[in-house]
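Some notes on the structure that comes next.
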Amino acid sequence: MLNGLWLGFFIVAAVSALAQWLIGGNAGIFAAMVESIFAMAKLSVEVMVLLFGTLTLWLGFLRIAEKAGIVDWLAKALGPLFLRLMPEVPAGHPAIGLITLNFAANGLGLDNAATPIGLKAMRALQDLNPSPTIASNAQILFLVLNASSLTLLPVTIFMYRAQQGAPDPTLVFLPILLATSASTLMGLLSVAFVQRLRLWDPVVLAYLIPGALALGGFMALLATLSATALAGLSSILGNLTLFGLIILFLVVGTLRKVKVYETFVEGAKEGFDVAKSLLPYLVAMLCAVGVLRASGALDFGLDGIRHLVQWAGLDTRFVDALPTAMVKPFSGSAARAMLIETMKTSGVDSFPSLVAATIQGSTETTFYVLAVYFGAVGIQRARHAVGCALLAELAGVVAAIGVCYWFFG
1 MLNGLWLGFF IVAAVSALAQ WLIGGNAGIF AAMVESIFAM AKLSVEVMVL LFGTLTLWLG
61 FLRIAEKAGI VDWLAKALGP LFLRLMPEVP AGHPAIGLIT LNFAANGLGL DNAATPIGLK
121 AMRALQDLNP SPTIASNAQI LFLVLNASSL TLLPVTIFMY RAQQGAPDPT LVFLPILLAT
181 SASTLMGLLS VAFVQRLRLW DPVVLAYLIP GALALGGFMA LLATLSATAL AGLSSILGNL
241 TLFGLIILFL VVGTLRKVKV YETFVEGAKE GFDVAKSLLP YLVAMLCAVG VLRASGALDF
301 GLDGIRHLVQ WAGLDTRFVD ALPTAMVKPF SGSAARAMLI ETMKTSGVDS FPSLVAATIQ
361 GSTETTFYVL AVYFGAVGIQ RARHAVGCAL LAELAGVVAA IGVCYWFFG
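The letter at position 348 of the sequence shown is residue 348 when you use UniProt numbering, and the numbering goes up by one with no holes.
Here it is as structure tokens:
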């Protein structure tokens, strides 16, 4: 899948460049494409320097949270809910703790770090699967919720914005929180409908209703604020939550007699190992996207969509963010490259860049997650996993666009 997508970028770029040369007489198009390749290779290294620090930092703090028992506490707190949503998983099974840890890493926006934990959780669920090649209900629910990208603190998005010079990297905190809530809710409801899960069970309602009321009340409060006040609140809450979590992990770790410094370094080493493996993928995708943009093919496609949107009488400013949305289901590295390229081209705080950042933070690489997670345990029949995951993805994209018009439009 990734081979075809990556090769397709270069083929489309080559066809577009030939058309511009032979039909449009633009002989300098090839020089622009070659220049773009080297520029994007340089940009990849610049992004990676900050990515090394971000992943190393947060995996260090996550290891403190794990050893301090915070993750175990979350697993116990969510245990009754998972017993209803995944009735085939016995109480106290290791899969519950791994699923919780995976959600914690995703919640912090550490998508690359969350993958190894998610694979362990999927293998634990596979041990309970009576049909080794057919996805179980528990595996499907875990995968769809994973693919819905429940991101409570998108630190990697903040990092990309900071690297591109954003004066306030956390500006998109609230838009991502609202959009990712929409995608996760859609994922849960779609799986519950197909699997006939009893969401009206008193225990499930005890978890869902307070969360829904809190989110609804919060949105009602946001509706009373101006666009300037919304942006300011998003910045304050983003930075306060970020620093508050760090202090929480350190204080709880200290009280639990955890050697916080040594534990941080232990987790940070894992973050360094995760980060260093990403550079080849980032170089590959950023160069491909840069060639696609330099050839004029990307602009040509976006102009076509823009005319259709304009014909429908809608605002067209979100169209430049659509490349991130269109490639995100297939490849996280491609979507990351599209986001960085959009910020580079349009400006880090332009409306398209804000929409693209929100989409990146509230959606997941659906087909990649399906291939990796199910492939790791030999699942051949995904059943309703694909449809439910794509529905959650669509909900996230639509919500991201709508929320950004609300906040920044």
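We put the CB at the ideal spot given by N, CA and C, even for glycine.
Just list the residues that DSSP pairs residue i with in beta bridges.
| i | result |
| --- | --- |
| Ile-134 | Arg-381 |
Is the CB-CB distance between residue i and residue j below 8 Å?
| i | j | result |
| --- | --- | --- |
| Ser-136 | Asn-146 | no |
| Gly-396 | Ser-350 | no |
| Val-327 | Ala-335 | yes |
| Ala-389 | Gly-187 | yes |
| Thr-358 | Pro-329 | no |
| Ile-140 | Arg-383 | yes |
| Leu-171 | Val-403 | no |
| Phe-300 | Ser-16 | yes |
| Asn-102 | Ala-121 | yes |
| Gln-164 | Lys-344 | yes |
| Leu-225 | Leu-233 | yes |
| Ser-190 | Leu-391 | yes |
With distance defined between alpha-carbon atoms, name the residue in the options nearest to residue i.
| i | options | result |
| --- | --- | --- |
| Asp-303 | Gly-290, Arg-317, Val-291 | Arg-317 |
| Val-398 | Gly-378, Gln-360, Gly-387, Phe-374 | Gln-360 |
| Leu-119 | Ile-134, Ser-131, Gly-107, Ala-95 | Ala-95 |
| Phe-367 | Ala-65, Val-15, Ser-148 | Ser-148 |
| Val-260 | Val-34, Leu-7, Leu-59 | Leu-59 |
| Ala-68 | Tyr-373, Lys-257, Pro-352, Val-386 | Lys-257 |
| Thr-228 | Ala-32, Tyr-405, Val-15 | Tyr-405 |
| Gly-107 | Pro-329, Val-265, Ser-181, Ala-337 | Ser-181 |
| Thr-342 | Leu-322, Pro-329, Gly-332, Ser-333 | Leu-322 |
| Arg-123 | Val-372, Ser-183, Arg-306, Thr-358 | Val-372 |
| Gln-249 | Leu-57, Ala-121, Val-144 | Per the sequence shown, residue 249 should be read as Phe rather than Gln. The option with the nearest alpha carbon to Phe-249 is Leu-57. |
| Ile-134 | Met-40, Ile-379, Gly-8 | Ile-379 |
| Ala-138 | Lys-42, Val-194, Ile-157, Pro-280 | Val-194 |
| Ser-333 | Pro-280, Val-377, Thr-345 | Pro-280 |
| Ser-131 | Val-49, Val-377, Ala-220 | Val-377 |
| Thr-197 | Ser-353, Met-86, Lys-269, Leu-394 | According to the sequence displayed, residue 197 carries Leu and not Thr. Nearest C-alpha to Leu-197: Met-86. |
| Thr-54 | Tyr-160, Gln-310, Ala-91, Leu-308 | Tyr-160 |
| Glu-270 | Ile-117, Gly-24, Glu-88 | Ile-117 |
| Asp-127 | Thr-156, Ile-209, Pro-90, Met-338 | Pro-90 |
| Ala-337 | Ala-31, Gly-267, Ala-39, Ala-14 | Ala-39 |
| Phe-158 | Ala-31, Leu-339, Leu-125 | Leu-339 |
| Leu-125 | Phe-82, Ala-104, Val-155 | Phe-82 |
| Val-49 | Thr-156, Phe-9, Phe-10, Trp-311 | Thr-156 |
| Ile-176 | Thr-254, Leu-237, Leu-314, Gly-24 | Leu-237 |
Might you give, ordered along the chain, the residues of its own chain that have their beta carbon closer than 8 Å to the beta carbon of residue i, omitting 5 neighbours on each side?
| i | result |
| --- | --- |
| Val-12 | Leu-292, Ser-295, Ala-297 |
| Ile-37 | Cys-287, Gly-290, Val-291 |
| Ile-246 | Phe-61 |
| Glu-393 | Ala-147, Ser-148, Ser-183, Lys-328, Pro-329, Thr-363, Glu-364, Thr-366 |
Beta-carbon of residue i versus every beta-carbon of chain C: anything under 8 Å?
| i | result |
| --- | --- |
| Val-251 | The chain labelled as chain C is not found in the depicted structure, where only one protein chain is given. |
Can you give me the Cβ contacts of residue i inside the same chain, cut-off strictly under 7 Å, excluding the 5 residues immediately before and after it?
| i | result |
| --- | --- |
| Gln-20 | Asn-26, Ile-29, Gly-296 |
| Leu-215 | Ser-181 |
| Thr-241 | Leu-153 |
| Ile-305 | Val-319, Leu-322 |
| Ala-166 | Val-348, Asp-349 |
| Val-252 | Ala-68, Ile-70 |
| Ser-353 | Thr-342, Met-343, Ser-346, Gly-347 |
| Asp-201 | Arg-84 |
| Glu-88 | Leu-128, Ser-136, Asn-137, Ala-138 |
| Glu-266 | Arg-63 |
| Leu-314 | none |
Under 8 Å by Cβ, that's how I've got residue i and residue j pegged, so tell me the actual separation to the nearest angstrom.
| i | j | result |
| --- | --- | --- |
| Phe-408 | Leu-174 | Incorrect: roughly 11 Å between the Cβ atoms, too far for contact. |
| Val-355 | Ile-401 | 6 Å |
| Ala-385 | Val-144 | 6 Å |
| Leu-222 | Leu-230 | 6 Å |
| Leu-199 | Ala-206 | Their Cβ separation, rounded to whole angstroms, is 12 Å, which puts Leu-199 and Ala-206 out of contact at 8 Å. |
| Phe-52 | Phe-218 | Actually they do not touch by this definition, with Cβ atoms about 35 Å apart. |
Starting from the C-beta of residue i, find all residues in its chain whose C-beta is less than 6 Å away, skip the five residues before and the five after it, and write them out in chain order.
| i | result |
| --- | --- |
| His-93 | none |
| Thr-263 | Arg-63, Ile-64, Lys-67 |
| Thr-184 | Ser-148, Leu-150 |
| Ser-44 | Leu-282, Val-283, Leu-286 |
| Val-203 | Pro-80, Arg-84 |
| Val-47 | Gln-163 |
| Asn-239 | Thr-170 |
| Arg-381 | Ile-134 |
Report yes if the C-beta of residue i is less than 7 Å from at least one heavy atom of the ligand GDP; otherwise report no.
| i | result |
| --- | --- |
| Lys-259 | The ligand GDP is absent from the structure shown, which contains no ligand whatsoever. |
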